[in-house]
Amino acid sequence: MAFFNPTHKMTVVNLLCHLEKAAEYDDVSKVEKQASEGPLKGILGFTEDQVVSCDFNSSTIPPSSMLRLALPSVINF
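According to the working numbering, the sequence shown is numbered sequentially starting from 472.
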């Protein structure tokens with residue numbers, strides 16, 4: 472997989488998780504959003520907006536944070 476990241480303020484991560492039980496996209500999103508509003512507030516940013524890397528140039532989330540984009544796929548085998 473290839474990425475072009477034209478900004479120095481962020482990195483791109485392709486995260487793949489194998490879960491113990493099946494999960495739906497909405498379930499995963501709900502947990503991520505709750506974490507970003509609770510114990511990880513100010514550390515984990517959450518958005519379902521269609522964004523690109525330069526949108527994070529003015530982000531208020533610290534640069535060491537993990538920001539979630541609206542591009543994940545949930546595949547149940």
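The C-beta atom is built at its ideal place from N, Cα and C for all residues, glycine as well.
Would you kindly check if the distance between the Cβ of residue j and the Cβ of residue i is under 8 Å?
i	j	result
S524	G516	no
Can you find the residues in the same chain that come closer than 8 Å, C-beta to C-beta, to residue i, ignoring five residues on each side of it along the sequence?
i	result
K504	F517
Along the chain, where does the alpha helix (DSSP H) that runs through residue i open and close?
i	result
D497	Y496 to E508
Starting from residue i, follow the beta strand (DSSP E) in both directions and report where the run begins and ends.
i	result
F517	L515 to F517
According to DSSP, is residue i part of a helix, a strand, or is it coil?
i	result
N528	helix
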